[in-house]
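Worksheet: one structure, shown below.
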Amino acid sequence: MPDLRKKLEGALAQAGSASSDFDLNADVKKPDGALTPAAVLIGIRTESETVILTKRSARLKHHPGQIAFPGGKQDPTDATLVDAALREAHEEIGLPPTIVNVLGELPPHQTVTGYQVTPILGLIDGHYDPVPEAGGVSEVFEVPLAHLIDPKNYLIEGRRWQGRRRLYYIVPFGPYYIWGATACILRAFAERMT
Numbered sequence: 009m010p011d012l013r014k015k016l017e018g019a020l021a022q023a024g025s026a027s028s029d030f031d032l033n034a035d036v037k038k039p040d041g042a043l044t045p046a047a048v049l050i051g052i053r054t055e056s057e058t059v060i061l062t063k064r065s066a067r068l069k070h071h072p073g074q075i076a077f078p079g080g081k082q083d084p085t086d087a088t089l090v091d092a093a094l095r096e097a098h099e100e101i102g103l104p105p106t107i108v109n110v111l112g113e114l115p116p117h118q119t120v121t122g123y124q125v126t127p128i129l130g131l132i133d134g135h136y137d138p139v140p141e142a143g144g145v146s147e148v149f150e151v152p153l154a155h156l157i158d159p160k161n162y163l164i165e166g167r168r169w170q171g172r173r174r175l176y177y178i179v180p181f182g183p184y185y186i187w188g189a190t191a192c193i194l195r196a197f198a199e200r201m202t
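Take any residue in the sequence shown, note its place counting from 1, add 8, and you have its number in my numbering.
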């Protein structure tokens, strides 16, 4: 992709609204109360133009075995959401914050579980060997950016959840079933890149 950095900065500069797990499910009641702030890292390797994703451990209580960005809720020690995303990426996949060139934030995504997740877009420069967090991450893998920004790769599927049919986006890649909030965030990012 010619001049990746310039294209990403252009995507960040576009006006856009927040996304949510409710975009395809208007009948689902949004959680009451304040949302818990969280951040994820959309980390793009400059050499290979791939996005780093994780497969969560099947032993986790929440979202076991699902595909996710590195990230999580903002801790009191995190001064900013960027700090939260970089800390979590370091904890979950061993990514040194010093090789992440943060370009900016995308609009937040509200989850059905009560989180407001801010995607942090960053370029990863330099050598990095992933180290999955024992017990939390079963696999770290990469997906070509070109695959994730192609709108034709996104589909809508559904399943029963809390007694009703819930729709969600998917963006499958090889053996990986990328769906839910991760796919929704990626789809919103793809719209900005096209």
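Every residue, glycine too, gets a C-beta built ideally from N, C-alpha and C.
Given the structure is predicted, the values throughout are model-derived calculations rather than measurements.
(Q) I need the straight-line Cα distance from Gly18 to Arg67, nearest angstrom please. (A) Sequence index remark: in the sequence shown, residue 18 carries index 10 (1-based). Sequence index remark: in the sequence shown, residue 67 carries index 59 (1-based). Between Gly18 and Arg67, the C-alpha separation is close to 39 Å.
key: Of the residues Asn161, Asp83, His135, Thr202, the one placed nearest Phe181, counting alpha carbons only   = Taking the first residue of the sequence shown as position 1, residue 181 is located at position 173. Asn161 is the residue among Asn161, Asp83, His135, Thr202 whose C-alpha sits nearest the C-alpha of Phe181.
- request: Can you tell me which of Pro152, Gly134, Glu113, Tyr176 puts its alpha carbon nearest to the alpha carbon of Val125?
  value: Indexing the sequence shown from 1 puts residue 125 at position 117. In this structure, Glu113 is the residue among Pro152, Gly134, Glu113, Tyr176 with its C-alpha nearest to the C-alpha of Val125.
Look at the Cβ atom of Glu100, then the Cβ atom of Pro78, and state whether they are nearer than 8 Å. Residue 100 sits at position 92 when you count from the first residue of the sequence shown. Residue 78 sits at position 70 when you count from the first residue of the sequence shown. Closer than 8 Å, so yes.
| message | I'd like to know if the segment 128–135 and the segment 25–44 are in contact, where contact means that at least 3 CB-CB pairs between them fall below 8 Å. | response | Too few Cβ pairs lie closer than 8 Å, so no.
Q. Going straight from the alpha carbon of Gln22 to that of Pro140, what length do you get?
A. Your numbering for residue 22 matches position 14 in the sequence shown. Your numbering for residue 140 matches position 132 in the sequence shown. In this model, Gln22 and Pro140 are separated by some 34 Å (Cα to Cα).
message: Can you check which of these residues, Leu12, Phe149, Ala154, is closest to Ile60 by C-alpha distance?
response: Mapped onto the sequence shown, residue 60 falls at position 52. Here the closest residue by C-alpha is Phe149.
| task | Can you check the segment 25–57 for any alpha helix (DSSP H) of at least 4 residues that lies completely inside it and give the ranges in chain order? | result | None, since the segment 25–57 contains no complete alpha helix (DSSP H) of that length.
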